[in-house]
Amino acid sequence: MKKKIAVLMGGPSPEYEVSLQSGENVIRNLDRKNFDVSGIVINKDGKFSIPPKSIRKFDLAFIAMHGPFGEDGTIQAILDEIGVAYTGSEATASRLGMDKIASKNLFIKEGIPTPDFRVVESAYGIKDAAESFGLPLMVKPSNQGSSVGVNVVRTPAEFSKAFAEAARFGPVIAEKFVQGKEIQAGILGKNSLPLIEIRPQNEFFDYEAKYTPGLSEEITPAPLDEKTTKRIQQLALDAFQILGGRHFGRVDLFLTEEGTVLVSEINTIPGLTKNSLFPKEAAATGITAPELFERIIDLALNDAR
Amino acid sequence: MRVNQDSRTIKKGEWFVAIKGGNFDGHEFIVEALKKGAVGVLEINELYELARRKLAKINPKVIAVTGSYGKTTTKEAVYKVLSKKYSVLRTQGNLNTPLGVAMEVVNNLKSHHRVLVAEVGMDRAGEIRETCSIILPRIAVITAIGEMHLEKLGTLEKIRRAKAEILESLPKNGIAVLNSDDPSVVRVAEVFGGKKVWYGFSKNSQVRLDTLPKFRIKLLGKASISNALAAAAVGRVMGLPDSGIVKSLSGLRPKKGRLFLIKGRKGITVIDDTYNAGPRSVANALEVLRSLPAKRRIAVFGDMLELGRLEKQAHERIVSDAARVVDIFVPVGERMNRAVSKTGVSFVPIDLLSLEVGDLVLVKGSRGMRMEEIVDDILKNAY
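Which chain is which? The protein sequence lines are V and H, in order. Take the first sequence: its position 68, counting from 1, is numbered 85 in this note's numbering, and each next residue is one higher. Take the second sequence: its position 329, counting from 1, is numbered 591 in this note's numbering, and each next residue is one higher.
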């Protein structure tokens, strides 16, 4: 019996377009011999193209949505209510993952190293943070993924603009700028995928670079010694587990020049487009896109049983 | 005399026309036909000759209608308009091959007929010329030159050339009635030195909506209006008053399978456009879907066949156009299913479709996809 899969995409999020591309990539790669595939676009106002209740007819919802609504526990809670199984982390973990303040507080509580930060309520807050952590500083909204609204500030003149850009999306945090390597660890099931090192052409890896091939250089697997690799992968898995994530995800980390590993953030639904890093990490271990999406589906269906 | 090319339906007193088809040979059925009471056997060229002689004797004014889209609707509209003044014979349904047209003439042309309106099809190069060599049209209508038949004829240029056959077949004093909105028609018309009458929406056409008295038309879609304008143009050429022309046009009724609106039970409305599909007719149908009121708009689209090299691109284009109009897209067939992942449109396989009160459902696809079965299923509340 073929499994009926509803791929959910779009949604009221700055990452609407990317979500459509993720959905498209999932849909294209699902083997029709094994699955009856439907695509459900949720529009920018959060309206479903079919009555949400009718998603019950499906064996599984594959959530290919990023950012608010799709990745922050909202859609997960709706699907729990409807009573349909879905891929990726449950509502609580999703909410935590999207909320940088909550997840960083959790990391600190559980002994997972993370860059120093503070919640700021105005450009003055950034000034205070600069006095504690020094410049440059990362200023970002606490509730977005994909580098949306994120800026590096290096002079006081940039404080107001950076605050305003981040504040458009919600509460703002100022985070100590980490000198070191940007590393990403994909999580699939109980395993960490090969690490990727990001060498951005821009100052840091921003939204544009993330979805435009050629704007950043990615090295897979990251050129690190085995011991460091293992250490980073273990920390990524620990952080993901502490958050309560399941099935798949991506942990963003820093490796400082002194060799310290810090967890920056966790994406419970990393980009799944054909240019996204998560599928590339999987590909580095020989897992093709169709296999990757099928594994995620299997993990979710097993949990649902 | 009556002729019939089908030994299964042949009746006493008819002549049997023995034709060689793609995978059959009518000559093998001669005995069967004669046993059933056929009075004799005709070769196809003899049939054509009979048709020619009958036409020469009765001498009706012959109007040929061809085009990649809208031939049948246009032919019916021309028939309706001209019938107000003349005794008109039209070819039946879409029997538009040389054989179909010749049989119609031999079997049904009567001495009182003053006009013959013939639909002239084109499945291969030279077919139009062949049909025209039998009926010798005085007026030729070209409705559109589109991507249909690409698989059989090859390039769009080859289609243009094939359609130009109809103009080459006109006598010096013949009249071409041409769709000014179709750039390919405009190009083809350059080769024609005789009188041209242009119809359409563009300003440079002689027959436009704003040149006619106001009238109501019960057909859906811009293409139907274009077809009606073609008939109006022929009407004018044939000396009918505008008032009579529009009266006839408002009497036109949609035909099953051609943007045919059906009110189903449970407040579901179906637009049955299952007769055929090509990129342009799909765009036209989507426009109709967009323009009608509905709670949800749903497009059930089957594959478009015979598109040749343009196949992939054309399907993807249709899906992305549909994405702007529909709430749910239902791909039927391998080609539509492959195209559907390309765009951010909601889609469900047909067996997972569940319709609701207020849904407007457009069903369309190439003839070979038999999409009318889905229309029947919807009306039987299968979804």
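A virtual CB, placed ideally from N, CA and C, is assigned to each residue, including glycine. Model, not experiment: these values are computed from the prediction.
query	result
Pick out whichever of 289(V), 278(V), 36(V) has its Cα sitting closest to the Cα of residue 60(V).	36(V)
Kindly identify the DSSP beta-bridge partner or partners of residue 77(V).	22(V)
Which one or two residues does DSSP pair with residue 119(V) in a beta bridge?	Residue 119(V) is not bridged to any residue.
Out of 613(H), 331(H), 274(H), which has the shortest C-alpha to C-alpha gap to residue 444(H)?	331(H)
Under a CB-based cut-off of 9 Å, is residue 534(H) close to chain V?	no
Residues in its own chain within less than 8 Å of residue 600(H) by CB, not counting five upstream and five downstream?	574, 577
How about residue 228(V): is its C-beta nearer than 9 Å to some C-beta of chain H?	Confidence in residue 228(V) is poor, its pLDDT being 49 and thus under 50, which makes the residue's placement too unreliable to answer from.
Please identify, using Cβ separations under 8 Å, the residues of the stretch 587-612 of chain H that lie next to chain V, in order along the chain.	589, 590, 599, 602, 603, 604, 605, 606, 607, 608, 609, 610, 611
Does residue 653(H) get closer than 9 Å to chain V when you measure Cβ to Cβ?	The structure shown has nothing for residue 653(H), since chain H only spans 263 to 645.
Are the stretch 340-360 of chain H and the stretch 372-379 of chain H touching by the rule of at least three beta carbon pairs closer than 8 Å?	yes
From 539(H), 591(H), 630(H), pick the residue whose C-alpha is nearest to that of residue 614(H); which is it?	591(H)
Hey, does residue 312(H) have any beta-carbon neighbour from chain V nearer than 9 Å?	no
For the stretch 526-544 of chain H and the stretch 374-388 of chain H, state whether three or more C-beta atom pairs, one from each stretch, are separated by less than 8 Å.	no
Is there at least one Cβ from chain V nearer than 9 Å to residue 582(H)'s Cβ?	no
What are the partner residues of residue 302(H), as DSSP defines its beta bridges?	277(H)
Would you report the Cα separation of residue 551(H) and residue 108(V), rounded to the nearest angstrom?	39 Å
Give the C-beta separation of residue 68(V) and residue 280(V) to the nearest angstrom, bearing in mind that I take them to be a contact with Cβ-Cβ under 8 Å.	Wrong, their Cβ atoms sit about 40 Å apart, outside the cutoff.
From residue 451(H) to residue 390(H), what does the alpha carbon distance come to, in whole angstroms?	16 Å
Could you compute how far the alpha carbon of residue 367(H) sits from the alpha carbon of residue 308(H)?	13 Å
Applying the criterion that 16 or more other CB atoms from any shown protein chain within 10 Å of the CB defines a buried residue, is residue 297(H) buried or exposed?	exposed
Consult DSSP for residue 265(V) and reduce its assignment to one of helix, strand or coil.	strand
Give the single residue among 215(V), 252(V), 120(V), 256(V) whose Cα lies nearest to the Cα of residue 238(V).	215(V)
Within the 9 Å Cβ cut-off, does residue 205(V) reach chain H?	no
Comparing C-alpha positions only, which one of 283(H), 334(H), 497(H) sits nearest to residue 406(H)?	334(H)
Mapping the DSSP letters down to three states, classify residue 331(H) as helix, strand or coil.	coil
Listing by chain order, which chain C residues have their CB less than 8 Å from the CB of residue 58(V)?	No chain C is part of this structure, whose protein chains are labelled V and H.
Below 7 Å between beta carbons is the criterion; list the residues of the stretch 613-645 of chain H that meet it against any residue of chain V, in chain order.	614, 616
Does the Cβ of residue 192(V) have 16 or more other Cβ atoms within 10 Å, making it buried, or fewer, making it exposed?	buried
When you compare the CB positions of residue 317(H) and residue 265(H), do they come within less than 9 Å of one another, or not?	no
If I follow the unbroken alpha helix (DSSP H) through residue 36(V), where does it start and stop?	33-46
Would residue 560(H) and residue 623(H) be called neighbours here (beta carbons separated by less than 9 Å)?	yes
Tell me, which residues are paired with residue 621(H) by DSSP?	558(H)
Which whole-angstrom value describes the C-beta separation of residue 189(V) and residue 156(V), a residue pair presumed to lie in contact below a C-beta threshold of 8 Å?	6 Å
Label residue 320(V) either buried or exposed according to how many other C-beta atoms from any shown protein chain fall within 10 Å of its C-beta, with 16 as the threshold for buried.	exposed
So the candidates are 608(H), 315(H), 628(H); which of them puts its Cα closest to the Cα of residue 40(V)?	608(H)
For residue 228(V), name the three-state secondary structure that DSSP assigns.	Residue confidence is low: residue 228(V) scores 49 on pLDDT, short of 50, so the model does not pin down where it sits. No coordinate-derived value is stated.
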